[in-house]
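Protein chains: 2
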Amino acid sequence: MTPAVLLFDVFGTLVDWRSGVIAALRAFGEAHDVRADWAAFADDWRAAYAPSMDRVRRGDIPWMNLDALHRASLAVLLERYAVGPLDDAQCTALSHAWHTLPAWPEVAGGLGRLRERFIVASLSNGNIALQVDLCRAADLRFDMLFSAESFGHYKPDPQTYLGACALLAVPAARTMLVAAHRDDLAAAKALGLQTAFIARPLEYGRPAAFDAALAEGFDYFADGLESLARQLGA
Amino acid sequence: MTPAVLLFDVFGTLVDWRSGVIAALRAFGEAHDVRADWAAFADDWRAAYAPSMDRVRRGDIPWMNLDALHRASLAVLLERYAVGPLDDAQCTALSHAWHTLPAWPEVAGGLGRLRERFIVASLSNGNIALQVDLCRAADLRFDMLFSAESFGHYKPDPQTYLGACALLAVPAARTMLVAAHRDDLAAAKALGLQTAFIARPLEYGRPAAFDAALAEGFDYFADGLESLARQLGA
Chain R
28 MTPAVLLFDV
38 FGTLVDWRSG
48 VIAALRAFGE
58 AHDVRADWAA
68 FADDWRAAYA
78 PSMDRVRRGD
88 IPWMNLDALH
98 RASLAVLLER
108 YAVGPLDDAQ
118 CTALSHAWHT
128 LPAWPEVAGG
138 LGRLRERFIV
148 ASLSNGNIAL
158 QVDLCRAADL
168 RFDMLFSAES
178 FGHYKPDPQT
188 YLGACALLAV
198 PAARTMLVAA
208 HRDDLAAAKA
218 LGLQTAFIAR
228 PLEYGRPAAF
238 DAALAEGFDY
248 FADGLESLAR
258 QLGA
Chain P
28 MTPAVLLFDV
38 FGTLVDWRSG
48 VIAALRAFGE
58 AHDVRADWAA
68 FADDWRAAYA
78 PSMDRVRRGD
88 IPWMNLDALH
98 RASLAVLLER
108 YAVGPLDDAQ
118 CTALSHAWHT
128 LPAWPEVAGG
138 LGRLRERFIV
148 ASLSNGNIAL
158 QVDLCRAADL
168 RFDMLFSAES
178 FGHYKPDPQT
188 YLGACALLAV
198 PAARTMLVAA
208 HRDDLAAAKA
218 LGLQTAFIAR
228 PLEYGRPAAF
238 DAALAEGFDY
248 FADGLESLAR
258 QLGA
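Spelled out as structure tokens, the structure:
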């Protein structure tokens with residue numbers, strides 16, 4: 028069945044968070060004459076994301092949006108990397124590294140092309156303010172932004188996928204999740220959404236040959252949004 | 028203080044609901060060979076909106092989104108105008124008249140101009156699916172769509188204005204509501220938002236000289252978004 032709506036994961040799928048965060052950390056280091064292994068810092072920062080989110084999902088800590096989670100994990104990393112102490116405004120500014128990240132090269136064009144044929148919306152764990160900044164910076168045009176924050180649940184909780192479908196008044200079967208991560212796609216598939224796996228072999232900075240097994244079990248496989256648009260006839 | 032965010036009311040302020048709904052009703056009438064005073068039908072349909080919304084706001088009836096309210100008031104109007112009976116699909120199709128309405132002529136351009144300088148978001152009682160369709164049809168580019176549906180409250184409940192500010196992480200004082208209706212603007216002003224009154228003398232189809240008293244008490248007064256953009260230096 029032709030989908031009516033495409034929902035897009037954002038971090039990794041559309042934007043290159045790693046290059047963006049490393050660049051922001053380097054700029055911070057230069058401005059404040061601080062040295063550290065910023066690539067490792069960025070990787071550790073991203074690695075802190077899933078466990079901190081899972082604590083919210085399990086109810087161990089009350090709801091916090093992604094800005095707040097990034098900010099909390101930053102405090103730990105600053106100690107680990109012996110950077111700082113930073114004042115409040117500096118911590119906020121540094122956490123906002125996650126608000127302006129470069130899109131993968133084909134994303135703005137591919138998204139525009141897909142938008143001519145389908146309703147396109149984000150479905151990201153990033154909070155709304157963060158997503159608004161990201162989309163403005165990378166010139167990504169969505170019809171709607173959906174955030175974990177809109178539902179009080181983080182992906183892969185079902186409330187996120189089903190919540191987006193309900194707000195768009197479209198059945199899950201006519202909605203497709205576009206993402207670069209198997210766990211996200213598997214959760215959507217289990218709820219009856221269509222799925223498209225986007226290969227982003229550079230997401231973690233270690234260019235690797237594409238492993239076709241990653242895309243197994245999903246409806247589409249593409250190396251970017253232009254390729255997905257071609258496959259969907261857009 | 029310069030605002031960071033502009034929030035826009037939609038019906039009446041950005042789109043000419045009356046012309047759009049009359050046109051859709053007329054097309055329906057011609058397709059089904061039904062005659063009625065479609066202009067009066069459209070006015071009655073709009074007039075049913077505030078009381079039906081107020082029943083939700085008072086808790087007399089459970090939460091219903093605007094599509095559902097439009098659909099419920101349509102049933103009453105079909106009887107009043109002796110149109111029908113219509114089947115389910117026809118009622119849905121007719122209610123979707125509210126999903127594709129023409130924007131006032133300067134809106135798409137003015138909004139684009141304001142977006143270069145400010146974060147622009149809708150803040151409408153229209154549900155998300157409705158707003159997505161409206162914006163696609165009229166080519167309106169927002170950074171985010173906020174709906175009563177996002178907050179479980181209809182304007183002018185404070186949860187809507189403050190909810191949008193919170194999700195954009197911007198204080199009320201740095202947010203401006205742009206609207207063509209005094210009650211909407213007065214509610215926003217009471218919460219500390221900046222306000223811009225947009226004159227839409229044709230909203231109810233009876234062209235009238237502009238009454239300057241309508242704009243009294245608000246920060247800006249403009250006869251459209253291009254004029255507002257000029258005044259805000261955008």
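Top to bottom, those sequences are chains R and P.
First residue of the first sequence? That's 28 in the numbering used here, and the numbers climb one at a time after it.
First residue of the second sequence? That's 28 in the numbering used here, and the numbers climb one at a time after it.
In this text, a Cβ means the ideal position worked out from N, Cα and C, and glycines have one as well.
Using DSSP with H/G/I as helix, E/B as strand and the rest coil, what is residue i?
{"i": "Met-80 of chain P", "result": "helix"}
{"i": "Val-42 of chain P", "result": "strand"}
{"i": "Ala-249 of chain R", "result": "strand"}
{"i": "Leu-167 of chain P", "result": "coil"}
{"i": "Ile-88 of chain P", "result": "coil"}
{"i": "Ala-66 of chain P", "result": "helix"}
{"i": "Val-61 of chain R", "result": "coil"}
{"i": "Ala-148 of chain P", "result": "strand"}
{"i": "Leu-101 of chain R", "result": "helix"}
{"i": "Leu-172 of chain R", "result": "strand"}
{"i": "Leu-161 of chain P", "result": "helix"}
{"i": "Glu-230 of chain R", "result": "coil"}
{"i": "Val-48 of chain P", "result": "helix"}
{"i": "Gly-260 of chain P", "result": "coil"}
{"i": "Asp-94 of chain P", "result": "helix"}
{"i": "Glu-243 of chain R", "result": "coil"}
{"i": "Gly-153 of chain P", "result": "coil"}
{"i": "Asp-210 of chain P", "result": "helix"}
{"i": "Phe-237 of chain R", "result": "coil"}
{"i": "Ala-75 of chain R", "result": "coil"}
{"i": "Lys-182 of chain P", "result": "coil"}
What do you reckon, are the CB atoms on residue i and residue j nearer than 8 Å?
{"i": "Asp-170 of chain R", "j": "Cys-162 of chain P", "result": "yes"}
{"i": "Val-48 of chain R", "j": "Ala-124 of chain R", "result": "yes"}
{"i": "Ile-225 of chain R", "j": "Leu-189 of chain R", "result": "no"}
{"i": "Thr-222 of chain P", "j": "Met-203 of chain P", "result": "yes"}
{"i": "Asp-81 of chain P", "j": "Ala-156 of chain P", "result": "no"}
{"i": "Arg-233 of chain P", "j": "Ala-207 of chain P", "result": "no"}
{"i": "Gln-158 of chain P", "j": "Leu-138 of chain P", "result": "no"}
{"i": "Phe-35 of chain R", "j": "Val-205 of chain R", "result": "yes"}
{"i": "Asp-160 of chain R", "j": "Thr-127 of chain R", "result": "yes"}
{"i": "Ala-63 of chain P", "j": "Val-110 of chain P", "result": "yes"}
{"i": "Phe-178 of chain R", "j": "Leu-33 of chain R", "result": "no"}
{"i": "Leu-96 of chain R", "j": "Tyr-76 of chain R", "result": "yes"}
{"i": "Val-83 of chain R", "j": "Met-91 of chain R", "result": "yes"}
{"i": "Ala-69 of chain R", "j": "Arg-107 of chain R", "result": "no"}
{"i": "Arg-168 of chain P", "j": "Arg-140 of chain P", "result": "no"}
{"i": "Gly-136 of chain P", "j": "Glu-230 of chain P", "result": "no"}
Taking the DSSP output, what are the residues bridged to residue i?
{"i": "Leu-121 of chain P", "result": "For Leu-121 of chain P, which the question treats as bridged, DSSP gives no partner whatsoever."}
{"i": "Ala-130 of chain P", "result": "P:Val-42"}
{"i": "Met-203 of chain R", "result": "R:Leu-33 and R:Gln-221"}
Please name the residue, chosen from the options, that lies closest to residue i on a Cα-to-Cα basis.
{"i": "Glu-133 of chain P", "options": "P:Ala-109, P:Asp-43 and P:Met-80", "result": "P:Asp-43"}
{"i": "Phe-38 of chain P", "options": "P:Asn-154, P:Ala-215 and P:Ala-235", "result": "P:Asn-154"}
{"i": "Thr-29 of chain P", "options": "P:Leu-220, P:Leu-138 and P:Gly-136", "result": "P:Leu-220"}
{"i": "Ala-174 of chain P", "options": "P:Leu-167, P:Ala-148 and P:Pro-198", "result": "In the sequence under discussion, the amino acid at residue 174 of chain P is Ser, which differs from the Ala named in the question. When only C-alpha atoms are compared, the closest one is P:Ala-148."}
{"i": "Ser-151 of chain R", "options": "R:Ala-191, R:Gln-117 and R:Phe-145", "result": "R:Ala-191"}
{"i": "Ala-242 of chain R", "options": "R:Arg-209, R:Ala-215, R:Leu-218 and R:Gly-260", "result": "R:Arg-209"}
{"i": "Gly-244 of chain R", "options": "R:Ala-214, R:Glu-230, R:Ala-235 and R:Thr-40", "result": "R:Ala-214"}
{"i": "Leu-41 of chain P", "options": "P:Glu-106, P:Ala-261, P:Leu-259 and P:Asp-250", "result": "P:Asp-250"}
{"i": "Leu-218 of chain P", "options": "P:Ala-116, P:Ala-120 and P:Ala-200", "result": "P:Ala-200"}
{"i": "Leu-194 of chain P", "options": "R:Asp-184, R:Gly-136, R:Asp-211 and R:Glu-176", "result": "R:Glu-176"}
{"i": "Asp-115 of chain R", "options": "R:Arg-257, R:Arg-142 and R:Ala-99", "result": "R:Ala-99"}
{"i": "Leu-212 of chain P", "options": "P:Asp-238, P:Asp-184 and P:Leu-229", "result": "P:Asp-184"}
{"i": "His-117 of chain P", "options": "P:Ala-235, P:Phe-55 and P:Tyr-231", "result": "According to the sequence shown, residue 117 of chain P is Gln rather than His. Checking every option, the nearest Cα to that of Gln-117 of chain P belongs to P:Phe-55."}
{"i": "Leu-101 of chain P", "options": "P:Asp-87, P:Ile-88, P:Ala-261 and P:Leu-121", "result": "P:Leu-121"}
{"i": "Val-61 of chain P", "options": "P:Trp-131, P:Leu-113 and P:Ser-79", "result": "P:Leu-113"}
{"i": "Pro-129 of chain R", "options": "R:Ala-235, R:Ala-50, R:Ala-261 and R:Ala-74", "result": "R:Ala-50"}
Could you give the first and the last residue of the continuous alpha helix (DSSP H) run that contains residue i?
{"i": "Val-110 of chain P", "result": "Run containing Val-110 of chain P: none; DSSP gives neither H nor E here."}
{"i": "Phe-178 of chain R", "result": "175 to 178"}
{"i": "Val-190 of chain R", "result": "It is Gly, not Val, that sits at residue 190 of chain R in the sequence shown. Residues 185 to 194."}
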